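K.L.:
Encoded as structure tokens, here's the structure I'll be asking about.
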Amino acid sequence: MNEQQNHTTRQNSAVTVLGLGPMGQAMTRTLLTAGHPVTVWNRTASRADSVVTAGARLASTPGEAVEASDLVILSLTDYQAMYDVLAGAPESLAGRTLVNLSSDTPDRTREAATWAAGHDATFLTGGVMVPAPMVGTEAAYVYYSGRGEAMERHLATLTLLGTPKHLGEDPGLAQMMYQAQLAVFLTTLSALMHATAMLGTAGLSAKEALPELLSAADSIGAILRAGEENPGAALDAGEHPGDLSTVTMMGATSDHIVETSTSLGLDLALPLAVQAHYQRAIKDGHGSDNWTRIIDSIRGPR
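Numbered as in the numbering used here, the sequence shown ends at 1326 without a single skipped number.
In structure tokens form, the structure reads like this:
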């Protein structure tokens, strides 16, 4: 078989998708559009109706679904859901590649890879970094980690879901990156709502406030890149030059946010958490260092 034929075979290979929430449905439709035969299973069978209408085949059991394809993609609530779904069909896993795109902790991900290997299956961890409507678009990207050989074998198919970024052999790496990205995302969402609530007390509607706040959020990356030619390099070197934004200056700002939020009767959980980072750095004698010094207490004792 020449390379062109082999590429076509991979592109048209069968795929199984377990879990048909919005993400699982979006992936199924993307694969169907690309010409893949797709077998699906979901605990609530009616969720499969729309993708079955689009051409997917609904399996009656997880085992039947797994046996339909060499590549099995899981889009479930967490990793326990994988064990619950596949507990009745362990013999079906041998020789399959399981790509779990569910969210959980890195340690549970590593345990799952060991569990899969015990059933003679290959395991890849994945983290989809876009919402369901963006799956399969040019903006979509997915972090993966695990066996490089399995990644290469299914690369053409997985690329359909979004640009794949393979981080290495450690199955926990993709999950770690996924959780790190969500830490930024969820914290930003909370900050946006806190700021919107703050402005709301002054009579600004969310419709008026959010465009301004989103512009500020959009600018953060550019601001940080402008301050350092290679973002992260100074952190890796343990350098925190305080020639621009010091811990003391940023800490004073965090104090003002806490005082303002208190006077407005807003929830203080987020501003107090931020303030605590700067207070600890100042207490440790780093007030004149760059604000990045707060990473010391975040890292915890070493």
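Using N, Cα and C, we set each Cβ at its ideal position, and we do this for glycine too. Remember, predicted model here, so these are calculated numbers, not experimental data.
1) Can you grab the Cα-Cα spacing for the pair Ala1233 / Leu1290, in whole Å?
2) Ordered along the chain, which non-local residues of its own chain (more than five positions away) have a Cβ less than 7 Å from that of Gln1028?
3) Could you tell me the distance, in whole angstroms, from the CA atom of Val1075 to the CA atom of Arg1053?
4) Hey, how far is the Cα of Gln1303 from the Cα of Arg1177?
5) Secondary structure at Ser1169, three-state DSSP: helix, strand or coil?
6) Verify the CB distance criterion: does Met1051 have a CB-CB separation below 8 Å to chain C?
7) Starting from Gly1150, follow the beta strand (DSSP E) in both directions and report where the run begins and ends.
8) Spell out a yes or no on whether the stretch 1122 to 1135 and the stretch 1062 to 1073 are touching, meaning 3 or more CB-CB pairs, one atom from each, closer than 8 Å.
9) Determine whether the beta carbon atoms of Leu1117 and Val1109 lie at a separation below 8 Å.
10) Within 8 Å, do at least three Cβ pairs link the stretch 1157 to 1168 to the stretch 1135 to 1146?
11) Spell out the partners DSSP gives Leu1117 in its beta bridges.
12) Quick check: is any heavy atom of the ligand COA less than 7 Å from the C-beta of Gly1309?
13) Within its chain, find whatever has a CB closer than 6 Å to the CB of Pro1130; leave out the 5 residues flanking it on each side and keep chain order.
14) Put Glu1027 into one of helix, strand or coil per three-state DSSP.
15) Could you tell me whether the stretch 1268 to 1280 touches the stretch 1294 to 1311, using the rule of 3 or more Cβ pairs below 8 Å?
16) Check whether the Cβ atoms of Arg1323 and His1264 sit closer than 8 Å, and answer yes or no.
17) Can you name the start and end residues of the beta strand (DSSP E) that Leu1042 belongs to?
18) Does Leu1210 come out as helix, strand or coil in the three-state DSSP assignment?
19) Relative to the C-alpha of Val1039, which residue among Thr1085, Val1090, Gln1049 is closest?
20) Could you check how far apart the C-beta atoms of Ala1113 and Thr1085 are, in whole angstroms? I think they sit under 8 Å.
21) Start and end of the beta strand (DSSP E) containing Trp1065?
22) I need the DSSP call for Val1123, collapsed to helix, strand or coil.
23) Helix or strand or just coil, what does DSSP make of Pro1188?
24) Could you tell me which of Ser1229, Gly1227, Leu1238 sits nearest to Ser1214, measuring between CA atoms?
25) Any idea which residues DSSP pairs Ile1097 with across the strands?
26) If you check the beta carbons only, do Ala1080 and Leu1042 fall under 8 Å apart?
27) Got a sec? Which residues, its chain only, sit under 6 Å from Asn1036 by beta carbon, not counting five neighbours each side?
28) Per DSSP, what kind of secondary structure is Leu1228 in: helix, strand or coil?
29) Are Gly1186 and Val1208 closer than 8 Å when you measure CB to CB?
P.N.:
Judging by the given coordinates:
1) In the sequence shown, residue 1233 corresponds to position 209, counting from 1. In the sequence shown, residue 1290 corresponds to position 266, counting from 1. Each residue's Cα considered, the two are about 17 Å apart.
2) Indexing the sequence shown from 1 puts residue 1028 at position 4. Summary for Gln1028: the model assigns pLDDT 41, below 50, so the residue's position carries little reliability; its value from the coordinates is reported in the next sentence. Closer than 7 Å at Cβ, skipping near neighbours: no residue.
3) In the sequence shown, the residue the question calls residue 1075 occupies position 51. In the sequence shown, the residue the question calls residue 1053 occupies position 29. Going by the C-alpha atoms only, they are around 7 Å apart.
4) On the sequence shown, position 279 is the one that residue 1303 refers to. On the sequence shown, position 153 is the one that residue 1177 refers to. The alpha-carbon atoms of Gln1303 and Arg1177 are separated by roughly 51 Å.
5) To locate residue 1169, count along the sequence shown from 1; it is residue 145. Strand at Ser1169.
6) Checking the listed chains, one finds no chain C in this structure; it contains a single protein chain.
7) Here residue 1150 is taken as the residue at index 126 of the sequence shown, counted from 1. That run of the beta strand (DSSP E) goes 1146 to 1152.
8) no
9) On the sequence shown, residue 1117 is found 93 positions in, with the first residue counted as 1. On the sequence shown, residue 1109 is found 85 positions in, with the first residue counted as 1. Going by C-beta atoms, Leu1117 is not nearer than 8 Å to Val1109.
10) no
11) What you label residue 1117 is simply residue 93 of the sequence shown in a count that begins at 1. According to DSSP, which records beta bridges pairwise, Leu1117 is partnered with nothing at all.
12) Judged by which ligands are present, the structure shown has none, so any question about the ligand COA falls away.
13) What you label residue 1130 is simply residue 106 of the sequence shown in a count that begins at 1. The residues are Gly1196, Gln1199, Met1200.
14) Along the sequence shown, read from residue 1 onward, the residue named residue 1027 stands at position 3. Interpretation of Glu1027 is limited by its pLDDT of 45, a score under 50 that renders its predicted location unreliable; the figure taken from the coordinates is listed afterwards. Helix, per DSSP.
15) yes
16) The count along the sequence shown starts at 1 and reaches residue 1323 at position 299. The count along the sequence shown starts at 1 and reaches residue 1264 at position 240. It is not a contact, given that the beta carbons lie outside the stated cut-off.
17) By one-based count along the sequence shown, residue 1042 stands at place 18. Its beta strand (DSSP E) spans residues 1039 to 1042.
18) Here residue 1210 is taken as the residue at index 186 of the sequence shown, counted from 1. Here Leu1210 sits in helix by DSSP.
19) In the sequence shown, the residue the question calls residue 1039 occupies position 15. The shortest Cα separation from Val1039 among Thr1085, Val1090, Gln1049 belongs to Val1090.
20) Numbered from 1 along the sequence shown, position 89 holds the residue referred to as residue 1113. Numbered from 1 along the sequence shown, position 61 holds the residue referred to as residue 1085. Between Thr1085 and Ala1113 the Cβ distance is about 7 Å, and since that is below 8 Å, they are a contact.
21) Sequence index remark: in the sequence shown, residue 1065 carries index 41 (1-based). From DSSP, the beta strand (DSSP E) with Trp1065 extends over 1062 to 1065.
22) Mapped onto the sequence shown, residue 1123 falls at position 99. Strand.
23) In the sequence shown, counting from the first residue as 1, residue 1188 sits at position 164. Three-state DSSP puts Pro1188 in a strand.
24) To locate residue 1214, count along the sequence shown from 1; it is residue 190. Closest option to Ser1214, Cα to Cα, is Leu1238.
25) As a working note, residue 1097 is residue 73 in the sequence shown. Partner(s): Val1041, Val1123.
26) As a first step, residue 1080 is located in the sequence shown; it is residue number 56 there, counting from the start. As a first step, residue 1042 is located in the sequence shown; it is residue number 18 there, counting from the start. No, Cβ-Cβ distance for Ala1080 and Leu1042 is not below 8 Å.
27) Working through the sequence shown from its first residue, we reach residue 1036 at position 12. So the list reads Gly1059, once near-sequence residues are dropped.
28) On the sequence shown, position 204 is the one that residue 1228 refers to. Three-state DSSP puts Leu1228 in coil, outside helix and strand.
29) The residue given as residue 1186 occupies position 162 in the sequence shown. The residue given as residue 1208 occupies position 184 in the sequence shown. No, they are not a contact pair.
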